[in-house]
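Worksheet for the structure shown next.
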Amino acid sequence: MFITLWVIFTLPSYAFTTVPIEVLDDGKVEQTGIATLVANETIIINQKLLAQGNQYVVTDPTSKAKLIADLSAKDESLDLAILHVNGLSGTPVVVAKENTAIGSKIYLVKLNGLSTAGTLHSILPVNKSHPEQRWQHTALLTEGEFGAPLVNNCQELLGVSVSDTKGVFDKRLKLSSSFSAATNLRTLTAFLTKHNIDFTESENSCLSEADQLAALEEEKKKQQATLEKQEAERKAVEEELEKLKKEAEAKKKALEEAKADTTRQDAERQKAEEALEEARQQTIEQQKKLEDAEKAIKEQEEKVKETEAKSKQKEQEFEEEKKSEQQKLIYYAIPIILVLIVVLIVLSRRRKKLLEVEQEASENKQQLSAEKAKVASAQEALSMASATFDDIILDGKDEAGGEHRIKVIGSTLARTEGGILIGRSAQKANYVINVPGVSREHLNVILIDNKVMIEDLSSVNGTAINDKDLAPNTKAELKNGDTLRIGTVTFSVHFLPS
Numbered sequence: 197m198f199i200t201l202w203v204i205f206t207l208p209s210y211a212f213t214t215v216p217i218e219v220l221d222d223g224k225v226e227q228t229g230i231a232t233l234v235a236n237e238t239i240i241i242n243q244k245l246l247a248q249g250n251q252y253v254v255t256d257p258t259s260k261a262k263l264i265a266d267l268s269a270k271d272e273s274l275d276l277a278i279l280h281v282n283g284l285s286g287t288p289v290v291v292a293k294e295n296t297a298i299g300s301k302i303y304l305v306k307l308n309g310l311s312t313a314g315t316l317h318s319i320l321p322v323n324k325s326h327p328e329q330r331w332q333h334t335a336l337l338t339e340g341e342f343g344a345p346l347v348n349n350c351q352e353l354l355g356v357s358v359s360d361t362k363g364v365f366d367k368r369l370k371l372s373s374s375f376s377a378a379t380n381l382r383t384l385t386a387f388l389t390k391h392n393i394d395f396t397e398s399e400n401s402c403l404s405e406a407d408q409l410a411a412l413e414e415e416k417k418k419q420q421a422t423l424e425k426q427e428a429e430r431k432a433v434e435e436e437l438e439k440l441k442k443e444a445e446a447k448k449k450a451l452e453e454a455k456a457d458t459t460r461q462d463a464e465r466q467k468a469e470e471a472l473e474e475a476r477q478q479t480i481e482q483q484k485k486l487e488d489a490e491k492a493i494k495e496q497e498e499k500v501k502e503t504e505a506k507s508k509q510k511e512q513e514f515e516e517e518k519k520s521e522q523q524k525l526i527y528y529a530i531p532i533i534l535v536l537i538v539v540l541i542v543l544s545r546r547r548k549k550l551l552e553v554e555q556e557a558s559e560n561k562q563q564l565s566a567e568k569a570k571v572a573s574a575q576e577a578l579s580m581a582s583a584t585f586d587d588i589i590l591d592g593k594d595e596a597g598g599e600h601r602i603k604v605i606g607s608t609l610a611r612t613e614g615g616i617l618i619g620r621s622a623q624k625a626n627y628v629i630n631v632p633g634v635s636r637e638h639l640n641v642i643l644i645d646n647k648v649m650i651e652d653l654s655s656v657n658g659t660a661i662n663d664k665d666l667a668p669n670t671k672a673e674l675k676n677g678d679t680l681r682i683g684t685v686t687f688s689v690h691f692l693p694s
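Using the working numbering, the first residue of the sequence shown is number 197, and each one after it goes up by one.
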């Protein structure tokens, strides 16, 4: 708040609108001044400036357009006039609630937020030429600034600059080298009220700079006290937080140590129980193994005796069978060998014949595949030659309003494998759109499974179907009645039945 108040009090930034005004007499500029926006499309200026001509032109601060101002009211004795400017933009000034004391600092507001500072010197007395009191101040006017507004240090309007003419035969206003004059606040508000001008009056009295500085200093002290109190409270809170943090850490550490002791004790107890159980199981297993071993020894002894008896019997039987088999082998071996030789000869001849048959079958299979390929190629060529499809009409306009029409022949589209190219290149495109917003090779039109597909070829300005942009090098179906945008040209799509 301290920084904001300081900027407002020391560096005025005028929020209301002032506009340059030219006074023309039969088209010739006689003199210029500065008018003040006091209400919507309503400006105030001194009457003697307007009396030099019959036409008034102001410059709009936003659009910089030249606007004609119409005279709404004037008072020659007060040297004030009100003009209405149709279409004028800006922010009206706020009129001061009460007069400013003699010796106070005032500002003469110019154009573009500039101003000249001065001091309110005195009140000029009433005379024959001036029936109302006027302000006299030290902020001097320069050429082109006649009628400029006089404001207090709160940027509120106190009066309008007034000037005398140079002479009886010269109606142009003259400049002063010592003091400037302006209508007083009472005269200004009475004139605006009389002519039903819906002006805004300040709700508060404007403090002098000394009072403002005193208020600022008081506010600064209050803020400093508040900051010091907040700082003390912050430190107390931080100390309390630190204390609570240390207590929490101590409790956490004690809890962790207790948990660690409990965990360690549980682990030791578990290990002892496991070791005891393991020892018990080992004892049981050893006892069982011992019993099994004794039983196995007895069984083995019985088996050994039984095996020895059987072995002797087998040896006798084997000797007898051996003698008998040797005699049989002599009688049967020779005929079997002769039969095996004959079988080998027959199998060799059959194998050779089988190889010859397999080779012949392979050759016949290759020849049949070649014949099938020729038939398929012929059928495909016949199908392509007889293929048809609806003609496609594209009617469109580019951004400049130029009309474009493309007729895609359906039979040509059906017989073209790689599709039909549309673009700006006359050398490469099948259909040319000579518009800068269309790429040289913009898109392909392809017939796939009796569907018209559009493929954008990475064009600069892209392709869209029904306002949906196509990703580059991807295909999308185009239907009758769709809207197709090719770069900066938009077409309506019509399929003509073949």
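Glycine residues also receive a C-beta, built at the ideal position from the N, C-alpha and C atoms.
Given the structure is predicted, the values throughout are model-derived calculations rather than measurements.
Just to confirm, are residue i and residue j a CB contact at a threshold of 9 Å?
| i | j | result |
| --- | --- | --- |
| residue 670 | residue 679 | no |
| residue 246 | residue 263 | no |
| residue 234 | residue 321 | no |
| residue 358 | residue 345 | no |
| residue 639 | residue 609 | no |
| residue 692 | residue 594 | no |
| residue 252 | residue 274 | no |
| residue 298 | residue 319 | yes |
| residue 242 | residue 363 | no |
| residue 353 | residue 238 | no |
| residue 212 | residue 290 | yes |
| residue 215 | residue 254 | yes |
| residue 648 | residue 675 | yes |
| residue 244 | residue 361 | yes |
| residue 145 | residue 621 | Missing from the structure shown is residue 145; the chain here goes from 197 to 694 and no further. |
| residue 261 | residue 397 | no |
| residue 218 | residue 368 | no |
Along the chain, where does the beta strand (DSSP E) containing residue i start, and where does it finish?
| i | result |
| --- | --- |
| residue 229 | 224-235 |
| residue 592 | 587-594 |
| residue 330 | 330-333 |
| residue 609 | That residue, residue 609, is in no beta strand (DSSP E); its alpha helix (DSSP H) goes 606-611. |
| residue 271 | 262-271 |
| residue 214 | 214-221 |
| residue 279 | 276-280 |
| residue 652 | 647-652 |
| residue 255 | 251-255 |
| residue 696 | Missing from the structure shown is residue 696; the chain here goes from 197 to 694 and no further. |
| residue 339 | Here residue 339 belongs to no beta strand (DSSP E), and DSSP marks it neither H nor E. |
| residue 302 | 301-305 |
| residue 641 | 639-644 |
| residue 629 | Run containing residue 629: none; DSSP gives neither H nor E here. |
| residue 659 | 659-661 |
Please state whether DSSP places residue i in a helix, a strand or coil.
| i | result |
| --- | --- |
| residue 203 | Note that residue 203 has pLDDT 32, beneath the 50 cutoff, so the model's placement of it is unreliable and the number below is only indicative. Looking at residue 203 - three-state DSSP - the assignment turns out to be helix. |
| residue 691 | strand |
| residue 680 | strand |
| residue 538 | helix |
| residue 485 | helix |
| residue 462 | helix |
| residue 296 | coil |
| residue 393 | coil |
| residue 198 | Confidence at residue 198 is low in this model, with a pLDDT of 35, below 50, so the placement of that residue should be treated as unreliable; the coordinate-derived value is given next. Looking at residue 198 - three-state DSSP - the assignment turns out to be helix. |
| residue 239 | strand |
| residue 369 | strand |
| residue 351 | coil |
| residue 578 | Reliability fails at residue 578, whose pLDDT of 47 lies under 50, so the model's placement of it is uncertain and the value that follows must be treated cautiously. Looking at residue 578 - three-state DSSP - the assignment turns out to be helix. |
| residue 601 | strand |
| residue 673 | strand |
| residue 404 | coil |
| residue 616 | strand |
| residue 543 | helix |
| residue 685 | strand |
| residue 377 | strand |
| residue 665 | strand |
Could you check where the alpha helix (DSSP H) with residue i kicks off and where it finishes?
| i | result |
| --- | --- |
| residue 390 | 381-390 |
If residue i sits next to residue j, beta carbons under 8 Å apart, how far is it from one beta carbon to the other, in whole angstroms?
| i | j | result |
| --- | --- | --- |
| residue 633 | residue 683 | 4 Å |
| residue 590 | residue 656 | Actually they do not touch by this definition, with Cβ atoms about 20 Å apart. |
| residue 651 | residue 642 | 6 Å |
| residue 278 | residue 240 | 6 Å |
| residue 296 | residue 348 | 5 Å |
| residue 365 | residue 271 | In fact, because the Cβ distance is near 24 Å, the residues do not count as touching under 8 Å. |
| residue 389 | residue 328 | So it is not a contact: roughly 15 Å between Cβ atoms. |
| residue 606 | residue 585 | 4 Å |
| residue 627 | residue 602 | 5 Å |
The region 374-394 in contact with the region 318-335 per 3-pair CB rule at 8 Å: yes
Inter-stretch contact at 8 Å, needing at least 3 Cβ pairs: the region 406-416 / the region 336-343: no
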